[in-house]
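So the sequence shown is residues -20 to -1, 1 to 281, counted in mature numbering (1 follows the signal peptide of the UniProt record, and there is no 0).
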Amino acid sequence: MIRRLCLLFLLLLGAAPAAAEPRPLDAGDRLFIQANVQWTVGHEIGHALIDQLQLPVFGREEDAADMLGALLLVLRRDAGLQPDFRERLKAIADGWLLEWLDDLKLDSSIPYWDQHSLDIQRLFTFTCLIFGSDPEHLRDLADTATLPVERALYCPDEYALAARSIDWVSQHYGRPAGEMPAPGAGRFRVTYETGGASRVRDLIEIVQADPFVQEAADRLSERLRLPRDIGIVFTDCGNPDAFYNANTVEIVICYGLLEHFADYARRRHDPAPGRSLCDVPVTGMPAGRRYGCSAPAPPAP
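1. Below 8 Å on the Cβ atoms is my contact criterion, and I expect glycine 154 with arginine 203 to pass it. Report the Cβ-Cβ distance as a whole number of Å.
2. Curious, which full-length alpha helix (DSSP H) runs of at least 4 residues does the segment 107 to 166 contain?
3. Helix or strand or just coil, what does DSSP make of alanine 226?
4. Please determine if the segment 37 to 47 and the segment 95 to 111 are in contact, where contact requires at least 3 C-beta pairs separated by less than 8 Å.
5. Would the segment 63 to 74 count as touching the segment 5 to 18 if we require 3 or more Cβ pairs under 8 Å?
6. I'd like the span of the beta strand (DSSP E) that includes glycine 75, first residue to last.
7. Check the DSSP bridge columns for leucine 238 and list the partner residues they point to.
8. Three-state secondary structure (DSSP) at threonine 174?
9. What span of residues does the alpha helix (DSSP H) with glycine 211 cover, start to end?
10. Inspect the beta-carbon positions of leucine 51 and alanine 132 and report whether they are closer than 9 Å.
11. If we call anything under 9 Å between Cβ atoms a contact, is aspartate 137 one with glycine 112?
12. Which partner residues of arginine 205 appear in the DSSP bridge assignment?
13. Check valine 37 in the structure and name its three-state DSSP category.
14. Going by DSSP, what residues sit across from valine 54 in a beta bridge?
15. List the residues that DSSP assigns as beta-bridge partners of arginine 169.
16. Just to confirm my understanding: we take glycine 176, look at its own chain, exclude 5 residues before and 5 after, and list those with CB closer than 7 Å. What are they?
17. Only counting the same chain, and skipping five residues up and downstream in sequence, which positions put a Cβ closer than 8 Å to that of tryptophan 76?
18. Would you mind stating whether alanine 196 and valine 21 have Cβ atoms separated by less than 9 Å?
19. What number of angstroms, rounded off, separates the C-alpha of leucine 145 from the C-alpha of proline 36?
20. Tell me where the alpha helix (DSSP H) around glycine 8 begins and ends.
21. For residue 282, tell me which candidate among Asp6, Ile184 and Arg248 has the shortest Cα-Cα distance.
22. Considering only the alpha carbon of each residue, which of Ile30, Asp250, Leu200 and Arg247 lies closest to leucine 55?
23. Note down, in chain order, each residue of its chain lying with its Cβ closer than 7 Å to the Cβ of alanine 222, except the 5 sequence neighbours on either side.
24. With a threshold of 7 Å on Cβ separation, who are the neighbours of arginine 40 within its own chain once the five nearest residues in sequence on each side are excluded?
25. From the DSSP output, read off the bridge partner residues of isoleucine 233.
26. Rounded to a whole number of angstroms, what is the C-alpha to C-alpha distance between alanine 165 and proline 4?
27. Alpha carbon to alpha carbon, how far is glycine 60 from leucine 118? Give it in angstroms, no decimals.
This is the structure in structure tokens:
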């Protein structure tokens, strides 16, 4: 998330003066915020488990954490706990698209050397894992701008590999069915620190209204043998960030990130140029008419 923070600050330096008070958040906006918080918490849980369980990782840790963020969404769907699965899928994909469009505004400032994959790649991989989890019922995701058929062909295999990794963790660090955590066993503990401005308090209420964070903390605590407590702390960091702190063994979700998601929730309705994948060079130019793009689009300004 540090890369997102840097990009956002650079954008703000060149931003126009503040506009009028933003419009109130509607139900769709609230779900957008909840879905993107859900993915972010899942991603950071991945970092925490890699650290605390000393999980083997081939490749970049950030990619492995991205995988877990997607898989937690799938596991909740499979458990019947995510009736709004498709709406959340779209919200998370929209979030990654908006991140990439902001990346393009910085042009040469995109950090290709970063630990993370490019935001547009994270969008493709997220969509691929979700599609691969149930290609029969999610076939409408394939052969689209966010999942070209050339990638979709391999998505069931990519998902199977990711699911096998989850099974490995369960076999080596999970509790047998029926075994309850011993008194004092390590667990995930969720904390919401007092927010400042009323808009922040409103965003905290939106996040707390979604059962995901507490349910994920409880279910993982029951199913995994954790060596110690792992905090999930929502707090005011002074910036729009989220990270896992190995020194304090805490996942930190900054209130500034909630405001960032709220801004994106409003912006996703923006009909201005640059909102569609057709306007993104990496997808619009190769896709052409195939995905409804009338012509290869120039880079976003």
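The beta carbon of each residue, even a glycine, is placed where N, CA and C say it ideally should be.
All figures in this text were calculated on a predicted structure; none of them were measured in a lab.
In terms of the structure at hand:
1. Along the sequence shown, read from residue 1 onward, the residue named residue 154 stands at position 174. Along the sequence shown, read from residue 1 onward, the residue named residue 203 stands at position 223. Between glycine 154 and arginine 203 a beta carbon distance of about 6 Å is seen, short of the 8 Å cut, so the two are scored as contacting.
2. Fully enclosed alpha helix (DSSP H) runs of 4 or longer: 129 to 132 and 135 to 153.
3. By one-based count along the sequence shown, residue 226 stands at place 246. Residue state, collapsed to three classes: coil.
4. In short, these stretches touch, since the Cβ pair count reaches three.
5. Remark: three or more beta-carbon pairs, one from each stretch, lie closer than 8 Å, so the segment 63 to 74 and the segment 5 to 18 are flagged as touching.
6. Position 95 of the sequence shown, counted from the start, is the residue given in the question as residue 75. Per DSSP, glycine 75 is not a residue of any beta strand (DSSP E); the alpha helix (DSSP H) it occupies stretches across 65 to 85.
7. By one-based count along the sequence shown, residue 238 stands at place 258. None, per the DSSP bridge assignment.
8. Indexing the sequence shown from 1 puts residue 174 at position 194. Coil at threonine 174, not helix or strand.
9. For this step, residue 211 is matched to residue 231 along the sequence shown. That residue, glycine 211, is in no alpha helix (DSSP H); its beta strand (DSSP E) goes 210 to 215.
10. In the sequence shown, counting from the first residue as 1, residue 51 sits at position 71. In the sequence shown, counting from the first residue as 1, residue 132 sits at position 152. No, they are not a contact pair.
11. As a first step, residue 137 is located in the sequence shown; it is residue number 157 there, counting from the start. As a first step, residue 112 is located in the sequence shown; it is residue number 132 there, counting from the start. Closer than 9 Å, so yes.
12. As a first step, residue 205 must be located in the sequence shown, where it is residue number 225. Looking at the DSSP output, arginine 205 shares a beta bridge with no other residue.
13. The count along the sequence shown starts at 1 and reaches residue 37 at position 57. In this structure, valine 37 counts as coil in the three-state DSSP scheme.
14. For the purposes of this step, residue 54 is identified with residue 74 of the sequence shown, where counting begins at 1. Its beta-bridge partners do not exist; DSSP assigns none.
15. The residue you call residue 169 lines up with position 189 of the sequence shown. Within the DSSP bridge table, the entry for arginine 169 names Gly211 as partners.
16. Position 196 of the sequence shown, counting from 1, holds the residue named residue 176. Asp216.
17. The residue you call residue 76 lines up with position 96 of the sequence shown. Result list for tryptophan 76: Asp99, Ile100, Arg102, Leu103 and Phe106, in chain order.
18. Translated into the one-based positions of the sequence shown, residue 196 becomes position 216. Translated into the one-based positions of the sequence shown, residue 21 becomes position 41. Taking 9 Å as the Cβ cut-off, alanine 196 and valine 21 qualify as a contacting pair.
19. For this step, residue 145 is matched to residue 165 along the sequence shown. For this step, residue 36 is matched to residue 56 along the sequence shown. The sequence given here has serine at residue 145, not leucine. Approximately 10 Å between the Cα atoms of the pair.
20. For the purposes of this step, residue 8 is identified with residue 28 of the sequence shown, where counting begins at 1. Its alpha helix (DSSP H) spans residues 7 to 32.
21. Because the chain is modelled from -20 through 281, residue 282 falls outside the range shown and cannot be assessed.
22. Along the sequence shown, one-based indexing puts residue 55 at 75. Closest by alpha carbon: Leu200.
23. Translated into the one-based positions of the sequence shown, residue 222 becomes position 242. Excluding positions up to five away in sequence, the list reads Met(-20), Thr20, Glu24, Val232, Ile233, Cys234 and Leu237.
24. Working through the sequence shown from its first residue, we reach residue 40 at position 60. Hits under 7 Å: Gln95.
25. Counting from one through the sequence shown, the residue named residue 233 turns up at place 253. Phe214 and Ala222, per the DSSP bridge assignment.
26. Here residue 165 refers to the residue found at position 185 of the sequence shown. Here residue 4 refers to the residue found at position 24 of the sequence shown. Between alanine 165 and proline 4, the C-alpha separation is close to 43 Å.
27. Locating residue 118 in the sequence shown gives position 138, where the first residue counts as 1. Locating residue 60 in the sequence shown gives position 80, where the first residue counts as 1. The alpha-carbon atoms of leucine 118 and glycine 60 are separated by roughly 16 Å.
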